[in-house]
Amino acid sequence: MMRPQMWLKALFHRATADDEMTREMTAHLAMEQDALEERGLPPSEAHRQARVAFGGVERHKEAVRDERGTRFLLDLGGDIRYSWRGLRLRPLFAASVIGIVALGLGSTMAVFAWAYGMLFQPIPGVTAQDRLVPILFRNESGSDFGTSYSTFIAIRGFAPLLHQSIGSTATSLQIDQADGPARELSGTMVTGDYFGVLGVTAELGRVFTPAELDPVNDPRTVVISDALWRSHFGSAPDVIGRRIRLNATTFTVVGVTKRGFRGLSRSGQTDIWLPLSALPTLQHDPKNLPLDPFRNFVDKLLVRMPAGAHSADVQQAVLQAVQRLSRPEDNETYKEYPPSIDGRIGTPARMLTGETSIAERLLGVVGLILLLTCANTANMLLLRAARRAGEQAVRQALGASFVRIVRQHLVDGLMLAIPAGLFALILMFGIGHIFANIRLYGLPAFDKPAFDWRVVAVALLLTLGATLLFSVAPAFAATRQVVTAFRAGARSDTRRAQRLRSVLCAVQIAVAMTLTVGSILLASSIHNLLAVDTGLNPATTTYGINTQAQGYKGDRLHGLRTGLITLMRQQPGVQAVAVAEGTPFDGGTFGESLRPAGWTAQKWPVHSITYGVSPDYFSAVGTRVIAGRSFAPSEFDDSLAHVVVLSLAAARALFGATNPLGLSVERRGFSGVETLTVVGIVSDSRTASLREANDPVIYSPEASFHTWSITLIVRATLPPAELDRTTARVLAAVDPTLPLGPGQRIRESILRTIAPERLFGRLVGLLAVIAALLSAIGLYALIASAVTARTREFGIRTALGASSASLVRLVMRQGITLGAAGIAVGTIGAYGLSQVLRSYLFHINPTSAVAYLMAGAAALLLCLGASLLPARSATRINPVDALKSD
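Heads up: the sequence shown begins at 4 in the working numbering, then just goes up one per residue.
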């Protein structure tokens, strides 16, 4: 067995080891020659017989190298040096391949990093995350409706399997600041052994005790995040025990979490944790008790499975637990919407709805680009292999094995893929920043791709996999070119290789065609959505003001509303001002049951969206008063004014063709049935979605609502930044402690509702452009190579009198033929992609002939453009030079 030092010497000091081996073999030959001379042979004959007996010196050297185990590494080093010299002689080729591979890998890795961060990246600070199972309570629309604390207790106590259950609900908080308005924070109210079940410990202080987590107590203690400790408290070491004011109430800081833990949401960040018992204190409502069985205060439920348990066991146990609840209405609810489980904790609900998640669809779309990249690169390497056919044939004729030839091509591929992979990592972050600059409302941002060892590992696997894909075809083609290479010279190109390159080129055109159809469909859909008449003024600006945190209600809240309206009307450039409880496309609305007064049937016929508004609301948002009037100022001030304004859709649903002015409707709400007099009819407007028809809407005087937060609505001629400053100044004059939410134009709220369509539209459009560029490059390279291989033929044709037009047609026929094949296959692929994107399309048929014709025409023009330059070069071939070149 060879010693390690000898192996290292043979590997890193090859020349010295070879010299020693040569001297040793020469000594053996000399000893054999001396022995033969002693037997009486002449020196020349003794030397000859000694060489015959010993055999080839180089053969023995190779045998020794094989025994040392360095042969493979030495040969590999030789392959790398050979490949490097070849790439250095063709820098343009190397740069083109590296750029193409980097583009394909970079786009794929960018989407994967984003998807991994949103769906699979471990949440910092949580131990044994794979044992945590979320329990979801979700209705038919995919919205979470949570559960009550009593249900949570029933589930947790049902079986030992569910004992380690925790519940939480998100809440908005305001922390008082000495030098300005309160600061908005993100809070989470928790129940159960929240931190213990998650395995999260405190960096400073402690976490909640069981007594503090008991909902019958109100300890008024909080645990803050490390990020808040650093940003708000300046990393003060004495923060433990410090008193802070949250929602105008004093709480005591008892702990700071470990650095990095910001809650269980991958798309949000928690600043403060509080016991669920703090709910009535935070909302300034003593009646809002966590123990109320009629309120679903637990939004998220999580179970840590014991060792040996499986998620299916948790699912079964939860189903059995809710079936044993005592309240009949709970049983009916959970029978209709049974709780389910999902293994991806912390993932936003919008990422989990539908047949597949948004991220999974994006990965499927970007996978086409990776396929296109491999096909394009393989095509370019096949062209390079065709030019080196003579060289490869000589190597095979001299004894190079099939494995050695394939290994050389794999090394060539790796020499290109490694720098391409490094550039792809840079491009991954570049693509993230591009999407970060285009904010897609309602969806997670691309600006922070997850960059940990798993992403790097996938990047490495993608690089190696791509290398295999685009290196194997040239390697196999090279091993079959020995005879033809010797017979026709180094420029020969077998029909099999030509067919393979043509197939790869057609695949590229097909992928480009597929993505172009998808891009056209999505662009048309977005155009149709944005063309929908919403019945609203898109330039109107809304500002959310969270008055709940500061305990506003009753006359104090009404005084704030009227004060804001009065001061804002006095500002230059302000055209209309209103306040409302909720606005279209911005939540805050709720449905109520309506019926005409005197309705005798048991079923309520109309379910409406309800807004509480001030008198100038319709003018501010751009809704027209069709009949009757808006609310009078006295009705706005009177919380007992029983009047209502109906949208046109609501009036038709309730009264048909009858004029509803002066008639009465009954509304069923939390406080019972209320009779309202119709005083006006206004035009319809969309409320939450551009896709759905106008919902019935009723408007009541804003004072009749008892909510604690308001929305300020302003229509002005001021630039957005100046309007924001003016509104902040007015609010500070009314109450300097209230923070002003960011100004949001109604158009921005509308765009947020079509964020998935815009995301797919931009991404598929970008990928379609990349695909078209790559397919054009591949087609150009293929046809240019074909023209070069047929130089002699074109020279003869020219000598025999062929016109330039006929040569152009001959060359371009190949491009058109490949384009037609690619378009045919791409049409099938486009149909499949359109089915994936069907849920994002609006008022356009997934099989729209216009989209397919436009994409086909674009692909055909691309093929003609890529074929034109090689065709022109064919017309410039000199017949004499062409005949001499062969």
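Each residue gets a CB set at the ideal place from its N, CA and C atoms; glycine is no exception.
*Alpha carbon to alpha carbon, how far is Gly746 from Asp229?*
Here residue 746 refers to the residue found at position 743 when the sequence shown is read from its first residue. Here residue 229 refers to the residue found at position 226 when the sequence shown is read from its first residue. Rounded to whole angstroms, Gly746 to Asp229 spans 29 angstroms at the Cα level.
_Just to confirm, is the Cβ distance from Pro278 to Val193 under 8 angstroms?_
As a first step, residue 278 must be located in the sequence shown, where it is residue number 275. As a first step, residue 193 must be located in the sequence shown, where it is residue number 190. Yes, Cβ-Cβ distance for Pro278 and Val193 is below 8 angstroms.
*asked:* Using the three-state DSSP reduction, which class does Leu679 fall into: helix, strand or coil?
replied: Translated into the one-based positions of the sequence shown, residue 679 becomes position 676. Leu679 falls in the strand class under three-state DSSP.
*Could you tell me whether the Cβ atoms of Gly190 and Asp295 are closer together than 8 angstroms?*
For the purposes of this step, residue 190 is taken as the residue at position 187 of the sequence shown. For the purposes of this step, residue 295 is taken as the residue at position 292 of the sequence shown. No, Cβ-Cβ distance for Gly190 and Asp295 is not below 8 angstroms.
_Are the CB atoms of Ser703 and Phe588 within a distance shorter than 8 angstroms?_
Numbered from 1 along the sequence shown, position 585 holds the residue referred to as residue 588. Numbered from 1 along the sequence shown, position 700 holds the residue referred to as residue 703. No.
*Phe254 - containing beta strand (DSSP E), residue span*: What you label residue 254 is simply residue 251 of the sequence shown in a count that begins at 1. Counting along the chain, the beta strand (DSSP E) containing Phe254 begins and ends at 252-260.
*Cutoff 7 angstroms; reference Gly424; Cβ partners in own chain excluding five residues on either side*: Position 421 of the sequence shown, counted from the start, is the residue given in the question as residue 424. Once the five neighbours on either side are set aside, the close Cβ partners of Gly424 are Leu108, Ala462, Thr466.
*Three-state secondary structure (DSSP) of Gln272*: For the purposes of this step, residue 272 is taken as residue 269 along the sequence shown, with counting starting at 1. Coil at Gln272, not helix or strand.
*Val226 and Val257 look like a contact to me (Cβ under 8 angstroms); what is the Cβ gap, rounded to whole Å?*
For the purposes of this step, residue 226 is taken as residue 223 along the sequence shown, with counting starting at 1. For the purposes of this step, residue 257 is taken as residue 254 along the sequence shown, with counting starting at 1. Indeed, because the Cβ distance is near 6 angstroms, the residues count as touching under 8 angstroms.
*Kindly indicate which residue of Asp619, Ile434, Asp217, Thr252 has the alpha-carbon position closest to the one of Ala113.*
Numbered from 1 along the sequence shown, position 110 holds the residue referred to as residue 113. Measuring from the Cα of Ala113, the nearest candidate turns out to be Ile434.
_Asn662 classed as buried or exposed, judged by whether at least 16 other C-beta atoms fall within 10 angstroms_ = Position 659 of the sequence shown holds residue 662. Counting Cβ neighbours within 10 Å, Asn662 comes out exposed, since fewer than 16 surround it.
*Using the Cα positions of Val733 and Ile568, report the straight-line distance between them to the nearest angstrom.*
Within the sequence shown, numbered from 1, the residue matching residue 733 stands at position 730. Within the sequence shown, numbered from 1, the residue matching residue 568 stands at position 565. Each residue's alpha carbon lies about 10 angstroms from the other.
*Between the Cα of Tyr546 and the Cα atoms of Ile243, Tyr152, Val717, which residue gives the shortest distance?*
For this step, residue 546 is matched to residue 543 along the sequence shown. The shortest C-alpha separation from Tyr546 is found at Val717.
*Is Val486 buried or exposed, if buried means 16 or more other CB atoms sit within 10 Å of its CB?*
Taking the sequence shown and counting its residues from 1, one reaches residue 486 at position 483. Low confidence applies to Val486: its pLDDT is 45, below 50, so where it sits in the model is not reliable, and the reading given next is rough at best. Exposed is the call here.
*6 angstroms Cβ shell around Leu872 - same chain, five flanking residues per side excluded*: Within the sequence shown, residue 872 is the residue found at index 869, counting from 1. Cβ neighbours of Leu872 beyond the five flanking positions: none.
*Looking at Ala579 and Asp619, is the spacing between their C-beta atoms short of 8 angstroms?*
Residue 619 sits at position 616 when you count from the first residue of the sequence shown. Residue 579 sits at position 576 when you count from the first residue of the sequence shown. Going by C-beta atoms, Asp619 is nearer than 8 angstroms to Ala579.
*Report yes if the C-beta distance between Leu106 and Thr517 is below 8 angstroms; otherwise report no.*
To locate residue 106, count along the sequence shown from 1; it is residue 103. To locate residue 517, count along the sequence shown from 1; it is residue 514. Result no, Cβ atoms of Leu106 and Thr517 do not sit closer than 8 angstroms.
*Gly208 lies in the beta strand (DSSP E); which residues open and close that run?*
As a working mapping, residue 208 is identified with position 205 in the sequence shown. 205-208 is the extent of the beta strand (DSSP E) around Gly208.
*Label Leu92 either buried or exposed according to how many other C-beta atoms from any shown protein chain fall within 10 Å of its C-beta, with 16 as the threshold for buried.*
Here the question's residue 92 lines up with position 89 in the sequence shown. By the neighbour-count rule (16 or more Cβ atoms within 10 Å), Leu92 is not buried but exposed.
*Between Ile780 and Gln817, is the Cβ-Cβ spacing less than 8 angstroms?*
The residue you call residue 780 lines up with position 777 of the sequence shown. The residue you call residue 817 lines up with position 814 of the sequence shown. No, Cβ-Cβ distance for Ile780 and Gln817 is not below 8 angstroms.
*asked:* To the nearest angstrom, how far is the alpha carbon of Ala552 from that of Thr284?
replied: Here the question's residue 552 lines up with position 549 in the sequence shown. Here the question's residue 284 lines up with position 281 in the sequence shown. Distance between the alpha carbons of Ala552 and Thr284: 10 angstroms.
*Would you identify the three-state DSSP class for Ser809, choosing helix, strand or coil?*
In the sequence shown, residue 809 corresponds to position 806, counting from 1. Here Ser809 sits in helix by DSSP.
*Smallest Cα separation from Ala731: which of Leu666, Ala185, Pro222, Asp82?*
Against the sequence shown, residue 731 aligns to sequence position 728. Measuring from the Cα of Ala731, the nearest candidate turns out to be Ala185.
*Please classify Met34: is it buried, with 16 or more other beta-carbons within 10 angstroms of its beta-carbon, or exposed?*
Stepping through the sequence shown from its first residue, residue 34 is reached at position 31. Result: exposed.
_Boundaries (first-last residue) of the beta strand (DSSP E) holding Ala719_ = Sequence index remark: in the sequence shown, residue 719 carries index 716 (1-based). 713-719 is the extent of the beta strand (DSSP E) around Ala719.
*Is it buried or exposed for Asn848, if we count other Cβ within 10 angstroms and need 16 for buried?*
Within the sequence shown, numbered from 1, the residue matching residue 848 stands at position 845. So Asn848 ends up on the exposed side.
*How big is the Cα-Cα spacing for Leu721 and Ala652?*
Position 718 of the sequence shown, counted from the first residue, corresponds to residue 721. Position 649 of the sequence shown, counted from the first residue, corresponds to residue 652. Whole-angstrom Cα-Cα distance: 33 angstroms.
*Can the beta-carbon of Ala427 be found less than 8 angstroms from the beta-carbon of Phe161?*
Here residue 427 refers to the residue found at position 424 when the sequence shown is read from its first residue. Here residue 161 refers to the residue found at position 158 when the sequence shown is read from its first residue. Their beta carbons are not under 8 angstroms apart, which means Ala427 does not touch Phe161 by this criterion.
*From which residue to which residue does the alpha helix (DSSP H) around Ala890 run?*
With the chain running from 4 to 889 in the structure shown, residue 890 is simply not present.
*Determine the direct distance from the alpha carbon of Ser528 to that of Arg632, and round the result to whole angstroms.*
In the sequence shown, residue 632 corresponds to position 629, counting from 1. In the sequence shown, residue 528 corresponds to position 525, counting from 1. In a straight line, the C-alpha of Arg632 is about 37 angstroms away from that of Ser528.
*Under a three-way DSSP split, which group does Asp295 fall into?*
Your numbering for residue 295 matches position 292 in the sequence shown. Asp295: coil per DSSP, three-state reduction.
*Does the distance from the C-beta atom of Leu770 to that of Ile372 stay below 8 angstroms?*
On the sequence shown, residue 770 is found 767 positions in, with the first residue counted as 1. On the sequence shown, residue 372 is found 369 positions in, with the first residue counted as 1. Yes, they are a contact pair.
*asked:* Rounded to whole angstroms, what is the Cα-Cα separation between Ile523 and Ala852?
replied: Here residue 523 corresponds to residue number 520 of the sequence shown, with the count starting at 1. Here residue 852 corresponds to residue number 849 of the sequence shown, with the count starting at 1. Between Ile523 and Ala852, the C-alpha separation is close to 11 angstroms.
*Helix or strand or just coil, what does DSSP make of Arg246?*
Here residue 246 refers to the residue found at position 243 of the sequence shown. In this structure, Arg246 counts as strand in the three-state DSSP scheme.
*Beta-carbon gap between Thr626 and Leu533 smaller than 8 angstroms*: Residue mapping note: residue 626 aligns to position 623 of the sequence shown, counting from 1. Residue mapping note: residue 533 aligns to position 530 of the sequence shown, counting from 1. Going by C-beta atoms, Thr626 is not nearer than 8 angstroms to Leu533.
*Kindly indicate which three-state DSSP category Thr820 falls into: helix, strand or coil?*
As a working mapping, residue 820 is identified with position 817 in the sequence shown. Thr820: helix per DSSP, three-state reduction.
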